[in-house]
Every structure is written in structure tokens, then in C-alpha cells.
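Shown next, in C-alpha cells, is the structure this report addresses.
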Amino acid sequence: MTTLGIVISSAWSQQQEVIGGGRYLYEKFCKTCHGPQAMGNGPRAPVLQPKPADLTTLRQRNKGTFPFWKAYRMIDGRVDVPGHGTREMPVFGVWFRIPHDEVSIETEWADQVRGRIWQLLSYLKSIQVP
Ligand code: HEC
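Following our numbering from start to finish, the sequence shown increments by one per residue and tops out at 237.
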């Protein structure tokens, strides 16, 4: 294999690793409401009003561009999603949350939170319908 081939395939496998991590997080924190295939039909969906969104159509519903940063802010809590509960008690607890004070934003925890959200969105981006 050429050097370029190796570079490309290792970039590809890194990307697969990020997506795999995102799938794990999705299953842990989102699946009960948004469903096994992210189509909005998780086991908790019947009792929820409004219904959980179909997360496979985010790109389709945003004129063909995956709304990466908008979705990022929905997960870190800066954009309110009524179905996700209040900012003080978001459904996914502290895992996707950086306390908004000057010390916390520089901590290792904050970096881990950003990494998790990045993985989660990479996974969601990978499962968009055309
Ligand atoms: C307790 C149930 C519940 C859980 C858990 C949950 N969601 Fe949601 N989510 C909802 C509901 C209900 C809506 C849609 C209604 C609304 O706007 O409030 C929604 C909406 C969204 C939206 C907005 C979609 C759009 O079309 O604008 C995104 C993005 C989202 N959720 C991502 C996630 C991710 C990622 C996770 C896991 C980290 C997650 N949600 C976990 C219930 C949930």
C-alpha cells in the first residue's frame, strides 16, 4: 500500500472509532426516547409530549446540511429543547455539561464533555437519511 493509502485508511479508521464511541453514547443516553434507529420511537416515546424528534432527518430538514453546531448547542444545553427538561436537570445529567464558570471551562472534564458531544454528533451525522 502507498503511504497515502495508509494515511487515508488510518484517518478512516479513526473516524470509525469516533462514530463507534458516539453510537455507544447514543445507546446509553438517547435511545430510550429517540429509538434504536434514532427515528423518534424509543420505548419512552409513547408517554412523551411533544414526541421525540426523528434524528435521522436532521440534515434533510435543514436544507441538506447537517446542523452540526445547532445540534451541539442542543446537547450541551445552550439551546433549550423542551423535551430534554430544564437546564438545571437535563435528561442526560452531567455527561454533556460544562459548568459555566471561568474555572470549569478549562478543565480536563470540559475537554471530555466536548469530546463526547463531538462523538455523538459524528454518529448522528453518519446515520442521516439522504
Ligand atoms: C427523555 C427523553 C429524551 C432523551 C433521553 C433525549 N431526548 Fe432528544 N428530544 C426529546 C424530545 C421529546 C424532543 C423533541 C421535542 C422538543 O422539541 O422538545 C427531542 C429533541 C431533540 C433534538 C432536536 C431535534 C430537532 O429536530 O430539532 C435533538 C438534536 C436531540 N433531541 C438530541 C438528543 C440526543 C443526542 C440525546 C442523547 C444525548 C437525546 N436527545 C436524549 C426527548 C429526549
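For glycine and all other residues, C-beta sits at the position ideal for the given N, C-alpha and C. Bear in mind the structure is a predicted one, so any value in this text is a computation, not a measurement.
Could you check how far apart the C-beta atoms of residue i and residue j are, in whole angstroms? I think they sit under 8 Å.
i    : j    : result
T172 : Q235 : Not confirmed; about 10 Å, so no contact.
K135 : G147 : Not really, about 18 Å apart at Cβ, beyond 8 Å.
I224 : D183 : 6 Å
Y179 : L228 : 6 Å
For residue i, does the count of other Cβ atoms within 10 angstroms reach 16, so buried, or fall short, so exposed?
i    : result
R185 : exposed
G142 : buried
G129 : buried
Q144 : exposed
V114 : exposed
V220 : buried
Q122 : exposed
L111 : exposed
Secondary structure at residue i, three-state DSSP: helix, strand or coil?
i    : result
F246 : Since the first and last residues shown for the chain are 108 and 237, residue 246 lies out of range.
E209 : coil
F203 : coil
A118 : helix
T139 : helix
M181 : helix
A145 : coil
Does the beta carbon of residue i come closer than 7 Å to any beta carbon on chain C?
i    : result
R180 : Checking the listed chains, one finds no chain C in this structure; it contains a single protein chain.
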